[in-house]
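Take a look at the structure set out below.
Protein chains: 2
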Amino acid sequence: MEYFSRVSPGKKQESLRVKMGSFENKMGQAGDSQQEAFRQRCRSAGLRITPQREAIFQALTGSVEHPTVDTVYQEVRRLMPHISFDTVNRTLNTLCEIGAAFVVPGTDNVRRFDGNLSDHQHFRCIKCKRIVDFHHGPFDNVPVPDVLAGRFIVMRKTVCLEGFCDQCTTNPMDNVTQTTSGNR
Amino acid sequence: MEYFSRVSPGKKQESLRVKMGSFENKMGQAGDSQQEAFRQRCRSAGLRITPQREAIFQALTGSVEHPTVDTVYQEVRRLMPHISFDTVNRTLNTLCEIGAAFVVPGTDNVRRFDGNLSDHQHFRCIKCKRIVDFHHGPFDNVPVPDVLAGRFIVMRKTVCLEGFCDQCTTNPMDNVTQTTSGNR
DNA sequence: TTCATTTTTAGTAATTATTCCTATATAGTA
DNA sequence: TACTATATAGGAATAATTACTAAAAATGAA
Chain F
1 MEYFSRVSPG
11 KKQESLRVKM
21 GSFENKMGQA
31 GDSQQEAFRQ
41 RCRSAGLRIT
51 PQREAIFQAL
61 TGSVEHPTVD
71 TVYQEVRRLM
81 PHISFDTVNR
91 TLNTLCEIGA
101 AFVVPGTDNV
111 RRFDGNLSDH
121 QHFRCIKCKR
131 IVDFHHGPFD
141 NVPVPDVLAG
151 RFIVMRKTVC
161 LEGFCDQCTT
171 NPMDNVTQTT
181 SGNR
Chain W
1 MEYFSRVSPG
11 KKQESLRVKM
21 GSFENKMGQA
31 GDSQQEAFRQ
41 RCRSAGLRIT
51 PQREAIFQAL
61 TGSVEHPTVD
71 TVYQEVRRLM
81 PHISFDTVNR
91 TLNTLCEIGA
101 AFVVPGTDNV
111 RRFDGNLSDH
121 QHFRCIKCKR
131 IVDFHHGPFD
141 NVPVPDVLAG
151 RFIVMRKTVC
161 LEGFCDQCTT
171 NPMDNVTQTT
181 SGNR
């Protein structure tokens, strides 16, 4: 079933509300509670729940690739041919503002987004740039050095690992650049 | 003493080599070994040692602010009025390629650079965006979970702290957005 | 010291990623 | 059903970064 977003100005179309129902049916059981939690988060933030927002959230949380705006845009366009790039970009920013998504810290010139809202860490492959989520309990609460705890208010502690993923270990030294500071 | 870079095409000027001497004299004792190490690193990488490169490296390592390209450009222009933005940007990229500088991982749309080559970590202020270097020995070698060590080749482990710096703790909740993933 | 060669740079243009604008559509409430 | 405030589509603009190329310069050999 074709899933429409808004159409060109001046052309009234049947409401998307009915089609939103169809869209929800496509999500299956496992996604329901996540999508419902998303709607609750929108309501709490005073935001309207639009089919575009639901589709963008769904595309992001259904991806393990930490996609760029353009990747999410291509994915959502398959269901919503008239969606605009700005809607996807603006909505991803909105999701980040309400805590329903996050920009992944990195050194690329293009932003990547994370739809995984549970505690986790990232492993970044230096070669293929893949970002893999993992969760290591002790990384949730690395102890803050006393000298900093007395000087700053530490709200978050992040551990990130970098190296070569299992797919790239056959050629680990190809195409490598050192581009991040910190431990070496 | 005015410090010239290259001048407009078609206008021969006296060599910069003499003025490079003057530039070096400005640096003082503490910077000499660092600048010399930089020259060694250039030679090892097969790169020419140009006054532009020395000035850009000097501006970066003399800054604790993790500056953007434009900030380094403004700083270097004070000594080299004819330097081009592309030279600064290209040279910062070159410094990163040879390990004489690093792009700081982050979520901003503008890149920031780090000239601190020693082991250290970053504290990022959520409010004022300041990045503060610190070194906490145990963060140099956080243990990698066995399940990852068996699956990936971990080349680097980074710990980053985020929160409010001492200057911003009087108004910690102003202007805050959640934009990074990971531990919360 | 001079000359030749390769690399680098200045000035400018182009590309890419992101944001802005506004008329219209729509979600949500009364 | 109607109204209002918010969101969107289509298009334009901005900002950050990269590319191009003629000329300058760093470097090494003679």
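Chains F and W supply the protein sequences, listed in that same order.
Take the first sequence: its letters are residues 1 to 184, numbered as in our numbering.
Take the second sequence: its letters are residues 1 to 184, numbered as in our numbering.
Every residue, glycine too, gets a C-beta built ideally from N, C-alpha and C.
What would DSSP say about ALA55/F, mapped onto helix, strand or coil?
Sequence index remark: in the first sequence, residue 55/F carries index 55 (1-based). Correct three-state label for ALA55/F: helix.
Relative to the C-alpha of ARG111/W, which candidate in LEU161/W, GLU65/W and PRO51/W has its C-alpha closest?
Indexing the second sequence from 1 puts residue 111/W at position 111. Looking at the Cα atoms, GLU65/W is the closest of the given residues.
Identify the contact partners of ARG53/F in chain W, using a Cβ-Cβ distance below 9 Å as the criterion.
Taking the first residue of the first sequence as 1, we reach residue 53/F at position 53. In chain order: nothing, as chain W lies at least about 17 Å away.
Does DSSP put ASP146/W in a helix, a strand or coil?
Here residue 146/W corresponds to residue number 146 of the second sequence, with the count starting at 1. Residue state, collapsed to three classes: helix.
So which of VAL69/W, GLU162/W and PHE164/W has the shortest CA-CA distance to PHE102/W?
For this step, residue 102/W is matched to residue 102 along the second sequence. Of the candidates VAL69/W, GLU162/W and PHE164/W, the one whose C-alpha sits nearest the C-alpha of PHE102/W is VAL69/W.
Taking all protein chains shown into account, decide if PHE85/F is buried (16 or more other Cβ within 10 angstroms of its Cβ) or exposed.
Taking the first sequence and counting its residues from 1, one reaches residue 85/F at position 85. The residue is exposed, with fewer than 16 neighbouring Cβ atoms inside 10 Å.
I want to verify the contact list: residues of chain F whose CB lies under 8 Å from the CB of LEU148/W, in sequence order.
The residue you call residue 148/W lines up with position 148 of the second sequence. Chain F residues near LEU148/W: PHE123, PHE134, HIS136 and LEU161.
Check for me: the alpha helix (DSSP H) holding CYS96/F runs from which residue to which?
Taking the first sequence and counting its residues from 1, the one referred to as residue 96/F is at position 96. Run containing CYS96/F: 85-97, per the alpha helix (DSSP H) assignment.
Shorter than 8 Å from the beta carbon of PHE164/F to some beta carbon of chain W?
On the first sequence, residue 164/F is found 164 positions in, with the first residue counted as 1. Yes, PHE164/F counts as interfacial toward chain W.
If you measure from the beta carbon of THR158/F to each beta carbon in chain W, is any gap under 8 Å?
In the first sequence, counting from the first residue as 1, residue 158/F sits at position 158. Yes, because at least one Cβ of chain W sits closer than 8 Å to the Cβ of THR158/F.
Considering only residues of the same chain and omitting the five flanking positions on each side of PHE164/F, which have a CB-CB separation below 7 Å?
Taking the first residue of the first sequence as position 1, residue 164/F is located at position 164. The answer, listed in chain order, is CYS125, ILE126, LYS127 and PRO172.
Pick helix, strand or coil for GLU162/F, following the three-state DSSP scheme.
On the first sequence, residue 162/F is found 162 positions in, with the first residue counted as 1. In the structure shown, GLU162/F sits in a strand (DSSP, three-state: E or B).
Kindly indicate if chain W contains any beta-carbon less than 8 Å away from that of VAL64/F.
Looking up residue 64/F in the first sequence gives position 64. Not an interface residue.
Nearest by alpha-carbon distance to ASP119/F: which of VAL104/F, GLY137/F and PHE38/F is it?
By one-based count along the first sequence, residue 119/F stands at place 119. Ranking VAL104/F, GLY137/F and PHE38/F by Cα distance to ASP119/F puts GLY137/F first.
Compare the beta carbon distance of PHE113/W and VAL72/W with 8 Å and say whether it is the shorter of the two.
Looking up residue 113/W in the second sequence gives position 113. Looking up residue 72/W in the second sequence gives position 72. The answer is yes: Cβ separation under 8 Å.
Cβ atoms of THR91/W and GLN52/W: under 8 Å apart, would you say?
Against the second sequence, residue 52/W aligns to sequence position 52. Against the second sequence, residue 91/W aligns to sequence position 91. Yes.
SER44/F to ALA59/F, Cα distance in whole Å?
Translated into positions along the first sequence, residue 44/F becomes position 44. Translated into positions along the first sequence, residue 59/F becomes position 59. Approximately 22 Å, taken between the alpha carbons.
Using the beta-carbon of each residue, which ones in chain F are nearer than 8 Å to MET155/W?
Residue 155/W sits at position 155 when you count from the first residue of the second sequence. Here the neighbours are ILE126, GLU162, GLY163 and PHE164.
Looking only at C-alpha atoms, which of ALA149/F, VAL159/F, VAL76/F and LEU79/F sits nearest to HIS135/F?
Translated into positions along the first sequence, residue 135/F becomes position 135. When only C-alpha atoms are compared, the closest one is VAL159/F.
What is the rounded straight-line gap between the Cα of ASP166/F and the Cα of ASP146/W?
Position 166 of the first sequence, counted from the first residue, corresponds to residue 166/F. Position 146 of the second sequence, counted from the first residue, corresponds to residue 146/W. Approximately 14 Å, taken between the alpha carbons.
Starting from the beta carbon of ARG41/F, find every residue of chain W whose beta carbon is closer than 9 Å, and list them in chain order.
Numbered from its first residue, the first sequence carries residue 41/F at position 41. Ordered by position in chain W, no residue passes the 9 Å Cβ test against ARG41/F, which lies about 12 Å from the chain.
Of all Cβ atoms in chain F, is any one closer than 8 Å to the Cβ of ARG151/W?
Here residue 151/W corresponds to residue number 151 of the second sequence, with the count starting at 1. True, the Cβ-Cβ gap to chain F drops below 8 Å.
Kindly indicate which three-state DSSP category ARG48/F falls into: helix, strand or coil?
In the first sequence, residue 48/F corresponds to position 48, counting from 1. Coil at ARG48/F, not helix or strand.
For a quick check, are the C-beta atoms of ARG151/F and ILE98/F less than 8 Å apart?
Taking the first residue of the first sequence as 1, we reach residue 151/F at position 151. Taking the first residue of the first sequence as 1, we reach residue 98/F at position 98. Going by C-beta atoms, ARG151/F is not nearer than 8 Å to ILE98/F.
Measuring alpha carbon to alpha carbon, tell me which residue in THR170/F, LEU161/F, GLU162/F and ILE153/F is nearest THR170/W.
On the second sequence, residue 170/W is found 170 positions in, with the first residue counted as 1. If we check each option's Cα against that of THR170/W, ILE153/F comes out closest.
Where DSSP assigns a beta bridge to HIS211/F, which residues make up the other side?
Outside the displayed span of chain F (1 to 184) sits residue 211/F, for which this structure offers no information.
From what residue to what residue does the alpha helix (DSSP H) around VAL104/W run?
Taking the second sequence and counting its residues from 1, one reaches residue 104/W at position 104. Where VAL104/W is concerned, there is no enclosing alpha helix (DSSP H), given that its DSSP letter is neither H nor E.
Starting from GLN74/F, trace the alpha helix (DSSP H) in both directions and tell me its first and last residue.
For the purposes of this step, residue 74/F is taken as residue 74 along the first sequence, with counting starting at 1. Per DSSP, GLN74/F belongs to the alpha helix (DSSP H) from 69-77.
So PRO105/W and PRO105/F are supposed to be a Cβ contact under 8 Å. How far apart are they, rounded?
Position 105 of the second sequence holds residue 105/W. Position 105 of the first sequence holds residue 105/F. Right, their Cβ atoms sit about 5 Å apart.
Looking at chain W, is there any beta carbon in it that lies within less than 8 Å of the beta carbon of PRO81/F?
Reading the first sequence from its first residue, position 81 is the one you call residue 81/F. Not one chain W Cβ lies under 8 Å of PRO81/F.
Count the other C-beta atoms from every protein chain shown that fall within 10 angstroms of the C-beta of GLU36/W, then say buried if there are 16 or more, exposed otherwise.
Position 36 of the second sequence, counted from the start, is the residue given in the question as residue 36/W. So GLU36/W counts as exposed.
Output the distance between the C-alpha atoms of GLY115/F and ILE49/W, rounded to the nearest integer angstrom.
As a working note, residue 115/F is residue 115 in the first sequence. As a working note, residue 49/W is residue 49 in the second sequence. One C-alpha to the other measures close to 46 Å.
For a test of the three-state rule: what should DSSP assign to PHE152/F, helix, strand or coil?
Position 152 of the first sequence, counted from the first residue, corresponds to residue 152/F. Coil at PHE152/F, not helix or strand.
Indicate whether at least one CB of chain W lies closer than 8 Å to the CB of VAL144/F.
Translated into positions along the first sequence, residue 144/F becomes position 144. Output row for VAL144/F: interface = yes.
Let me know the secondary structure DSSP gives ARG43/F once reduced to three states.
Here residue 43/F is taken as the residue at index 43 of the first sequence, counted from 1. Residue state, collapsed to three classes: helix.
Examine chain W for any beta-carbon lying closer than 8 Å to the beta-carbon of THR61/F, and answer yes or no.
If you number the first sequence from 1, residue 61/F lands on position 61. Cβ-Cβ to chain W under 8 Å: no for THR61/F.
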